[in-house]
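What follows is one structure encoded as structure tokens, with my remarks underneath.
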Amino acid sequence: MLRASLHARPPTSLTSAFTHTRFRSFSALSTPPAPPNEESDNSSTSSSSTHASTSSSSSASSSSTAYNQIIPSLSSPTGGPGRAQTRPFSTTPRAEEFHFDTHQFVQRLEREGLNRAQAEGIMSAMAEVIDESIRNMTSNMVTKAEQEKHHYTQQVDFAQIKSELQLMEKNDLAMIKAENDRLVNDIEKLKQRLREEITRTQAGVRLDLNLEKGRLREETSGQDQKMKEVEYKIEQEIAGLRTAIQASKATTLQYLVGIVTGGAALLMAYLRFRS
């Protein structure tokens with residue numbers, strides 16, 4: 001696309017467009033760029049003056065004027081000439097990194113009809129715009145080393161978590177096993193206590209049953225003894241009644257025999273008396 005635009009437009013329009021784009025890009029930047037080298041500025045100024053004296057076109061002089069207006073803004077963030085730019089919180093100057101072949105780009109612009117200063121100005125503006133774009137794009141990105149470091153840190157954390165989980169699992173299993181053994185021992189103790197209670201209860205019930213059987217036997221034997229005594233008394237009473245009845249019968253017979261004998265004697269005496 002750059003090659004097509006270079007061939008489609010004349011050199012003057014191309015210079016104006018690039019210069020205007022560079023000016024707008026520098027005015028939109030929030031961070032001031034690094035100051036350029038003084039030797040390159042001097043060489044660019046001298047080459048620009050030589051080319052301006054030899055060139056007769058008004059468009060080239062206007063492009064040089066626009067470029068000369070931009071150069072002071074590169075040397076100082078406040079726009080004042082001769083003031084070197086300082087970077088806060090840093091004392092080491094940052095090395096410039098180019099993402100394309102700047103020399104070839106400058107030569108190409110010179111082949112299109114631009115002078116050395118204009119070509120270097122356009123190249124510098126393009127380099128700074130590309131650097132700013134790349135910084136904006138990579139501001140939310142991480143490097144491969146940081147990613148690998150983060151990945152290694154995550155692996156270490158995962159390994160630590162895994163070891164902690166395994167240790168917790170072993171501890172939990174040991175605690176559960178100990179608790180299970182304790183519960184089994186408690187259950188065995190409860191079973192043994194229940195057996196003892198059942199045995200004690202059975203022994204108590206048997207003892208109570210035996211005592212009750214003995215008491216019933218004693219009561220039965222006592223009742224039998226009383227019944228025997230009553231029977232003996234009844235037999236004695238019956239024997240006494242029999243004896244009394246026999247005695248009554250004998251007495252009655254005696255009285256009857258005496259009465260009959262006396263009656264017979266009286267009857268015989270009466271009959272003898274009448275006869």
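Per the UniProt record's numbering, residue 1 is the first one in the sequence shown, and the count goes up by one each step.
Quick reminder that beta carbons are idealized off the backbone N, C-alpha and C, glycines included.
- In the three-state DSSP reduction, Ser248 falls in the helix class (H, G or I).
- C-alpha of Tyr255 to C-alpha of Gly263: approximately 12 Å in a straight line.
- In the DSSP assignment, Glu128 falls within the alpha helix (DSSP H) that extends over 116-138.
- Membership of Thr102 in the alpha helix (DSSP H) is indicated by the continuous run 102-111.
- The Cβ atoms of Glu120 and Val106 sit closer than 9 Å to each other.
- Phe100 sits away from Ala117, with the two beta carbons spaced by 9 Å or more.
- With fewer than 16 other beta carbons inside 10 angstroms of its own, Ala269 counts as exposed.
- Under the three-state reduction of DSSP output, Val142 falls in the coil class, being neither helix nor strand.
- For Thr102, the CB contacts under 8 Å within the same chain, skipping 5 residues up- and downstream, are Met123, Ala127 in chain order.
- Linking Asp181 to Gln155 through their CA atoms gives a straight-line distance of about 38 Å.
- When only Cα atoms are considered, Ile176 and Leu209 end up about 48 Å apart.
- In this structure, the straight-line span from the alpha carbon of Met168 to that of Ala203 is close to 51 Å.
- Val142 and Ser133 have their C-alpha atoms spaced approximately 16 Å apart.
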